[in-house]
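Novice: So in numbering that gives the first Met the number 0, spot 2 of the sequence shown is number 1, and the numbers just go up one at a time. We treat Cβ as the ideally placed atom computed from N, Cα and C, and that holds for glycine. Can you keep this structure in mind? I'll have questions shortly.
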Amino acid sequence: MNKIFQLITAIALATPAANSATSELSSSQGENVSPFACNAFALSPKTRKRHFEEVGPALRKLMKSTRELPDGYEFEFPADNKTYQSLTEWAFEERLCCPFFDIAVRLDKENGPLWLRLTGRSGTKEFIKEEFNLANSR
0 MNKIFQLITA IALATPAANS ATSELSSSQG ENVSPFACNA FALSPKTRKR
50 HFEEVGPALR KLMKSTRELP DGYEFEFPAD NKTYQSLTEW AFEERLCCPF
100 FDIAVRLDKE NGPLWLRLTG RSGTKEFIKE EFNLANSR
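This is the structure we're talking about:
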C-alpha cells in the first residue's frame, strides 16, 4: 500500500510540471513567428556584405535548375566541394536574416547533384518567388 501511495504521489507531483512544460512549449512556439521579411541587420556588416554581394550572386550564377514545390522551391547546383562550401555558408547566414525558412542542403546519391531546398509555412513560397525574382527567370 505504501508503494502505491508513493507512485500516486509521484504522478500527482509530476503531472502539473509536465502540463506546465507542454503549455510553455506551445505558447513559446506560437509567439516565435517571424515576419516574411529579410532582416539583413541580423548579420554583421562584414558578413552581410559577403552574403549579399559575393556568396549569393556567385551561387545564382552556378544554379543549374529550379523545382517548384508545394511549399517552396528547390535549387540544383553542381556537386563540387567549393559550391557545397559556399552553399552551406549561405544557408547558415540566410537562416539568421530569414528565420522563417526551412533550409535543407542535400547531396544526391551516385554523385548526383547538390540541392538547396527553401520551404516554410504558408506564404513562404510567394516570398521566395518575389525575393529571388523567380517570376522573371528561366
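Just how far apart, CA to CA, sit Arg59 and Arg120?
Specialist: Cα-Cα distance, rounded: 24 Å.
Novice: What does the Cβ neighbour count give for Gly111, buried or exposed, with the cut at 16 atoms within 10 Å?
Specialist: exposed
Novice: Here's the rule I'm using: 16 or more other beta-carbon atoms within 10 Å means buried, otherwise exposed. How should Gly71 be labelled?
Specialist: So Gly71 ends up on the buried side.
Novice: For the pair the region 85 to 92 and the region 123 to 131, tell me if three or more CB-CB distances fall below 8 Å.
Specialist: No, they do not touch.
Novice: Answer with buried or exposed for Leu106, where buried requires no fewer than 16 other C-beta atoms within 10 angstroms of its C-beta.
Specialist: exposed
Novice: Quick one: what does DSSP say Gly71 is sitting in, helix, strand or coil?
Specialist: strand
Novice: Could you tell me the alpha carbon to alpha carbon distance between Ala39 and Arg49, rounded to whole angstroms?
Specialist: 12 Å
Novice: Return the CA-CA distance between Pro98 and Phe76, expressed in angstroms with no decimal places.
Specialist: 23 Å
Novice: Is Ala103 helix, strand or coil when you go by DSSP?
Specialist: strand
Novice: Could you give the DSSP three-state label for Arg120: helix, strand or coil?
Specialist: coil
Novice: Determine the contact status of Leu115 and Thr82, defining contact as a CB-CB distance below 7 Å.
Specialist: In this structure, Leu115 lies away from Thr82, with their beta-carbon atoms at least 7 Å apart.
Novice: For the alpha helix (DSSP H) that contains Lys48, what are its first and last residues?
Specialist: Its alpha helix (DSSP H) spans residues Pro44 to Lys48.
Novice: To the nearest angstrom, report how far apart Val104 and Leu113 are at their CA atoms.
Specialist: 7 Å
Novice: In this structure, does DSSP put Ser33 in helix, strand or coil?
Specialist: Coil.
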